[in-house]
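One structure is given below, encoded as structure tokens.
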């Protein structure tokens, strides 16, 4: 039921399990401040085959606040996996002997699932290829619930790169568990994959695809912005045109509901203009902290 | 006697000391599971001048399970030693002020010995050049003893690259302390150095050099396989020929004794075919865990 | 008063605060040996945008000896800050959610100050650009006080690269708080910036600029040597000439006072000949340890 072992895809989780994680995250708020020794005999291995600041440090902060220890690598070029051509399966079958849980980020789709299949200890997917980033989706849900008091009934706009951004894929699938209205605001070439749109519609969500930020901002309770990467565009002029359209500045914020919130998985480039950082709607840095308590909840539920 | 300070070469250890380490490793099995605070006021510095997953994480896991802390570098390019041309002696004379023990891996032969000479704190060699990897040899001995119940009286085949592989050098010298029969199975150009063969013979071991895996597998109690590196061969065709001969697949396993064990220091490439991973003889991943308890024993014996 | 929040520039500290840090460092000597749990619920983030062995490991050793935990990065290429072009302000506003204190090294002048402006948690400058390295200056002062029994009244020579070396800039400004006589010995092109010389003179210090080591060594109580970097010179012959002049060997040591001390922020190349390492005046490796207790004092004063 509420019992979690691996955390590979948001689709593996029932609404019940998601709610358990969010409730546990709420309880972790006081533990995060006070610190605990609950996991003092546990070791977390972080295997980061891709660069990261936020996700790795967020997991480490979560584990340390629960009294646990951390080992691993942040840079695959310093490991046998990078240098000596070891397979992922062999790396996992090795590292499972050193730790109690594995947190893995890897550039290939399906990698975290493969890791879990070979692992004798629980595996958490900290970002696999372009497809999934389930702990980000969970911290996004937690941020929405904490800041808006609920998830059901909200009007949520997902904006920017909806095609290659793994965070919006996981978040979209997570939201399919709730009774929400969704706006998808993306340039033509970066629209959400039909499979995920279908999933959300099949779950009964009202999903509308729009192609301007104006439509995404108007009436939204939550605006979830993402970064558009230059390298997705063959022609730099096309990138510039798109980038100029899918961003939020103070004029845009003025059109939003006063009690709306703006979230972003970060890092941002300029899709969130620095001038809006002090707006009451700007919640993307508070969202970072929610990542710590959400990951504390996940680690606690899996390990204790 | 049983007292250990540095651990630089397997040749520095008496049979008595080796046995003490293996006995202590056995005692560490329960401590590894439960965790202890025995070294909670100790800091281990890991100085890895060469890429590693297994050895570094294994030492870190061992230290954490004993309650200790870890600092250091996994990548010399982020350190003054790499960037600013500091000598090894100066790096050691610095790091000895930050920690209670140094674990060093370095590409140069003799580097760990130099480190120990300059260090005011104990030094453990985690792999120096092509010559020595004593903690690997100790975990190999521990694996043999744990899995076969004894070391004396066994028939042990060392296979693959016996010339450049530092693990087999250390293991060969370690086995000279025991009453075992040895098969050395290597391609002509990768045969064990005569000095080590002499050492083993002088110690009274029956050593036979063979050049096929068939002879190595037949009647062996322990088959210790190693990786043959492509870059050792000027001609890639020669490498391919050799590589095809010095590997183990399911047909080979069928020729082995039912209660024989296959060990490998890992990472492997394809000298151990994935099809044998589920064979009862395949013990190379269990061997990984033995590295944790063996290193716990070494850290405990040196530091407490 | 004695209360410290950030530590960005040595110029932000009063003599009173500096003395408090040095006194606390002295008290840390026994804590460093015994270890404490005083900061066991605190996390230190190390953000090293530049290579370092000494400073990072010294801070980590200090934090671990006080029972605290550490996370961060030693290599910016493994972080979003390096790879995804995140601004320093955004990195700080993220990391402040993961830790209780930030220790930052960054290649740009002013970077640590910027970090502190954006941070909701205390920031310690572990080296910013060519301008400042305040914790090094504090450990240098502590070394002088510990080894000479006092700072006031001493005759101190700062030697080598006084223009680009951030450690001598911070040390020069720190010494302006004391009643000392200063010799500045540097090649013409690497002389101390007039602003710092003026600062010291305005504070009442007797400052003399000399251009030979002989004048710097004679009568000095403290000789503070620094490394001259080849890349500062357009012409390698000029570098070689200068390097041959601004170094210390056994002949030079013979000209020094018997109770003088030689300090160096390390790493050294050959400005301190290895032959002098055993001279009674050579204190640069003991100085390393003083960095641990000084940083323990700073962490304790800020965090507890």
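Residue numbers (the working numbering), protein chains in the order written: chain W, 1 to 304; chain Z, 305 to 608; chain S, 609 to 912.
Note that the Cβ used here is the ideal one computed from N, Cα and C, for glycine as well.
Residue i to residue j span [Cα, whole Å]
i                      : j                      : result
residue 704 of chain S : residue 729 of chain S : 6 Å
residue 806 of chain S : residue 834 of chain S : 21 Å
residue 279 of chain W : residue 769 of chain S : 47 Å
residue 266 of chain W : residue 639 of chain S : 40 Å
residue 50 of chain W  : residue 85 of chain W  : 16 Å
residue 91 of chain W  : residue 115 of chain W : 9 Å
residue 600 of chain Z : residue 317 of chain Z : 17 Å
residue 878 of chain S : residue 110 of chain W : 53 Å
residue 1 of chain W   : residue 158 of chain W : Residue placement at residue 1 of chain W cannot be trusted, given a pLDDT of 39 that sits under 50; the coordinates are not used to answer.
residue 129 of chain W : residue 172 of chain W : 16 Å
residue 313 of chain Z : residue 603 of chain Z : 16 Å
residue 282 of chain W : residue 263 of chain W : 7 Å
residue 206 of chain W : residue 153 of chain W : 11 Å
residue 35 of chain W  : residue 645 of chain S : 13 Å
residue 482 of chain Z : residue 455 of chain Z : 7 Å
residue 707 of chain S : residue 62 of chain W  : 10 Å
residue 320 of chain Z : residue 500 of chain Z : 21 Å
residue 330 of chain Z : residue 597 of chain Z : 7 Å
residue 778 of chain S : residue 630 of chain S : 16 Å
residue 655 of chain S : residue 681 of chain S : 5 Å
residue 373 of chain Z : residue 517 of chain Z : 44 Å
residue 493 of chain Z : residue 576 of chain Z : 21 Å
residue 909 of chain S : residue 628 of chain S : 9 Å
residue 57 of chain W  : residue 852 of chain S : 46 Å
residue 549 of chain S : residue 789 of chain S : Residue coverage of chain S in this structure runs from 609 to 912, which leaves residue 549 of chain S outside it and unanswerable.
residue 720 of chain S : residue 824 of chain S : 33 Å
residue 550 of chain Z : residue 358 of chain Z : 23 Å
Neighbour-count burial assignment, residue i, 16 or more Cβ in a 10 Å radius
i                      : result
residue 328 of chain Z : buried
residue 540 of chain Z : exposed
residue 221 of chain W : buried
residue 816 of chain S : exposed
residue 287 of chain W : buried
residue 554 of chain Z : exposed
residue 579 of chain Z : exposed
residue 544 of chain Z : exposed
residue 563 of chain Z : exposed
residue 794 of chain S : buried
residue 773 of chain S : buried
residue 846 of chain S : exposed
The alpha helix (DSSP H) enclosing residue i, as first and last residue numbers
i                      : result
residue 228 of chain W : Element bounds for residue 228 of chain W: n/a, residue is neither H nor E.
residue 600 of chain Z : 588-607
residue 21 of chain W  : 15-34
residue 172 of chain W : 166-175
residue 396 of chain Z : 392-399
residue 749 of chain S : 742-756
residue 196 of chain W : 194-202
residue 663 of chain S : 662-673
residue 863 of chain S : 858-863
residue 50 of chain W  : Neither: residue 50 of chain W is in no alpha helix (DSSP H) and is coded neither H nor E.
Residues that DSSP places opposite residue i in a beta bridge
i                      : result
residue 514 of chain Z : Z:489
residue 766 of chain S : S:792 and S:832
residue 348 of chain Z : Z:374 and Z:405
residue 242 of chain W : For residue 242 of chain W, which the question treats as bridged, DSSP gives no partner whatsoever.
residue 311 of chain Z : Z:428
residue 798 of chain S : Its beta-bridge partners do not exist; DSSP assigns none.
Extent of the continuous beta strand (DSSP E) to which residue i belongs
i                      : result
residue 126 of chain W : 123-128
residue 567 of chain Z : 565-567
| query | Which residues, taken in chain order from the region 647-664 of chain S, show a beta carbon closer than 7 Å to some beta carbon of chain Z? | reply | 659, 660, 661 and 662
| Contact list for the region 393-423 of chain Z against chain S, Cβ threshold 9 Å | 393, 394, 395, 397, 398, 399, 400, 401, 402 and 403
| task | Give, in chain order, every residue of the region 663-683 of chain S whose Cβ lies closer than 8 Å to some Cβ of chain W. | result | 677, 679, 680, 681 and 683
| query | For the region 571-583 of chain Z, which residues have a beta carbon sitting closer than 9 Å to at least one beta carbon of chain W? | reply | 571, 572, 573, 578 and 581
| Residues in the region 20-36 of chain W with C-beta within 8 Å of chain S's C-beta atoms, listed in sequence order? | 34 and 35
| task | Taking a Cβ distance cut-off of 7 Å, strictly less, list which residues of the region 232-260 of chain W are near chain S, in chain order. | result | none
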